[in-house]
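Colleague:
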Amino acid sequence: LANTASTLHKMAQVLRNIPEVVAIQSYAGTAKPFDFNGLVRHYYLRQNSSEGELQIQLAEKSDRDRSSHEIALEARQLIKQIAADAGANYAVVEMPPGPPVLRPVVAEVYGPDKATRRKLANDLTEMFKESGTMTDIDNLMRDEYPVINFQVDTEKASRFGVSVQTIKETLAMAMSSFNVTTIRLKNALEPSRVCLKVPLSKRSQLSYLTQLPVPSQQGGMIPISELGSFVYKKQDDLIFHKDLADVEYVLGEPIGRLSAPIYAMFGVDDLLLRYQTVDGKELQGEYLGPPEDQTVPGFEWAGEWTVTYETFRDMGTAFGVALVVIYMLVVWQFGNFIIPAV
13 LANTASTLHK MAQVLRNIPE VVAIQSYAGT AKPFDFNGLV RHYYLRQNSS
63 EGELQIQLAE KSDRDRSSHE IALEARQLIK QIAADAGANY AVVEMPPGPP
113 VLRPVVAEVY GPDKATRRKL ANDLTEMFKE SGTMTDIDNL MRDEYPVINF
163 QVDTEKASRF GVSVQTIKET LAMAMSSFNV TTIRLKNALE PSRVCLKVPL
213 SKRSQLSYLT QLPVPSQQGG MIPISELGSF VYKKQDDLIF HKDLADVEYV
263 LGEPIGRLSA PIYAMFGVDD LLLRYQTVDG KELQGEYLGP PEDQTVPGFE
313 WAGEWTVTYE TFRDMGTAFG VALVVIYMLV VWQFGNFIIP AV
């Protein structure tokens, strides 16, 4: 969390030099109040200490000469080196002019098993980078990393008169915070919470956590090390489903003179001409829907392309039906099939 907050602070200090920026809010290890765009992109799920966000407010459109897109391009260049030094993945997100999507360019990867999907998703991620038509390239797969769990020795806990729920509450208070009460500050519209929290310097040390006191029913305090043990385990993988099928996502933001998503997709399609899947077959992205056979590796292009295609398809169909109905009404009115056509 400290590294995340430090990296966000460095980025904010650099972005403050942009003349059009009037305010910056930093959120480290938590989600900001999300909007419709954040709802679609799942920003409300950001609760990990390694995740953060900067909310940047620009001057009114009438008070600046540059568009928000031009400012976003400059911001991306300013924070590029800071993110590289910190080993962080980042994305500069603009408010969409239309319906929000997960990312302008999205590849939805299907396959018969987890290993096949992950390999294809990793290969597509590299192709996104190699194409040179996109930036902010990422995927929604999580690298393996260890987490620490506390395993309760129920026999010892019962002997000391400590319930499992009490142990969970004590650990939750130590690792996050405990809301004691609320107070109203002067001139504040909303009450402020008073939280009890163990300092980061303490809760980041496993040796300290083993001495964490847990209240027992007999009125004494028992070190948590007497009630169980801390163990390392692999964090569970993220699992995504779409229409009852397992799927992985590869994301990108188109750049360059032709920054429409379709040109970035064409660039990746060119690289796919020399690519073969694990079963030795050629691969091509689907534009109009998911692969028919999802027992073999494949992917579907999604993102802004899907919104554009479905909008024109549905509106075009509705317009065609309207023309037919109008033609029928005019034929009924004049009793002639030729005059309405003219």
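According to our numbering, the sequence shown is numbered sequentially starting from 13. A virtual CB, placed ideally from N, CA and C, is assigned to each residue, including glycine. From a predicted model like this one, the values you see are computed outputs, not experimental measurements.
#1: So what does DSSP say about leucine 66, is it helix, strand or coil?
#2: May I ask you to report which of helix, strand or coil DSSP gives glycine 224?
#3: On the DSSP bridge list, what partners appear for phenylalanine 162?
#4: Going by other Cβ atoms of all chains shown within 10 Å of its Cβ, with 16 needed for buried, is glycine 297 buried or exposed?
#5: Where does glutamine 37 fall in DSSP's three states?
#6: Can you give me the C-alpha to C-alpha distance between methionine 6 and phenylalanine 311, rounded to a whole angstrom?
#7: Can you tell me whether glutamine 25 is helix, strand or coil according to DSSP?
#8: Measuring CA to CA, which of Cys207, Ile91, Pro235, Gln229 is closest to tyrosine 220?
#9: Measuring alpha carbon to alpha carbon, tell me which of Ile94, Leu183, Thr289, Lys254 ends up nearest threonine 222.
#10: Nearest by alpha-carbon distance to glycine 301: which of Thr318, Lys209, Ile30, Asn161 is it?
#11: Given 8 Å as the limit, is there contact between the region 236-248 and the region 157-174, that is, 3 or more CB pairs closer than that?
#12: Is the beta carbon of alanine 103 sitting closer than 8 Å to the one on aspartate 150?
#13: If you scan the region 239-289 from start to end, which runs of the beta strand (DSSP E) of 3 or more residues do you find wholly inside it?
#14: Go ahead and pull the three-state DSSP assignment for leucine 136.
#15: Measure the Cβ-Cβ separation of valine 210 and valine 174 and say whether it is below 8 Å.
#16: What ranges does the alpha helix (DSSP H) occupy inside the region 158-214, keeping only unbroken runs of at least 4 residues that lie completely in it?
#17: Roughly how many angstroms separate the alpha carbons of leucine 57 and glutamine 345, rounded to a whole number?
#18: Over the uninterrupted beta strand (DSSP E) stretch that includes proline 45, give me the two end residues.
#19: Have a look at glutamine 229 and glutamine 247 and give me their C-alpha separation to the nearest angstrom.
#20: Using the C-alpha atoms, what's the distance from valine 262 back to threonine 137?
#21: Comparing the C-beta of glycine 50 with each C-beta of chain B, is any distance below 8 Å?
#22: Would you kindly work out how many angstroms separate the C-alpha atoms of phenylalanine 331 and asparagine 348, rounded to a whole number?
#23: Just tell me which of Leu283, Glu322, Asp255 has its CA closest to the CA of glutamate 304.
#24: Is phenylalanine 324 buried or exposed, if buried means 16 or more other CB atoms sit within 10 Å of its CB?
#25: For tyrosine 157, which residues from the same chain have a beta carbon less than 7 Å from its beta carbon, with the 5 sequence-adjacent residues on both sides left out?
#26: Expressed to the nearest angstrom, what Euclidean distance is found between the alpha-carbon atoms of asparagine 60 and leucine 201?
#27: State the CB to CB distance for the pair proline 112 and phenylalanine 48, rounded to an integer number of angstroms; the pair is presumed to be in contact (CB under 8 Å).
#28: Sorted by chain position, which residues of the same chain lie with C-beta nearer than 7 Å to methionine 23's C-beta, five sequence neighbours on each side aside?
#29: In this structure, how does DSSP classify phenylalanine 324 when only helix, strand and coil are distinguished?
Modeller: According to the structure shown:
#1: The answer is strand: DSSP assigns leucine 66 an E or B state.
#2: Just to set this straight, residue 224 is leucine in the shown sequence, not glycine. Leucine 224: coil per DSSP, three-state reduction.
#3: Answer by DSSP bridge pairing, in chain order: Phe242.
#4: buried
#5: strand
#6: This structure cannot speak to residue 6, because the chain is shown only from 13 to 354.
#7: The answer is helix: DSSP assigns glutamine 25 an H, G or I state.
#8: Pro235
#9: Leu183
#10: Thr318
#11: yes
#12: yes
#13: 240-246, 252-254, 257-266
#14: helix
#15: no
#16: 166-172, 176-187
#17: Approximately 59 Å, taken between the alpha carbons.
#18: Run containing proline 45: none; DSSP gives neither H nor E here.
#19: 33 Å
#20: 6 Å
#21: You won't find chain B in this structure, because it holds only one protein chain.
#22: 23 Å
#23: Asp255
#24: exposed
#25: Gln247
#26: Using only the alpha carbons, I get a separation of about 29 Å.
#27: 6 Å
#28: Counting only Cβ-Cβ distances below 7 Å, and skipping sequence neighbours, we find Leu66, Ile91, Ile94.
#29: helix
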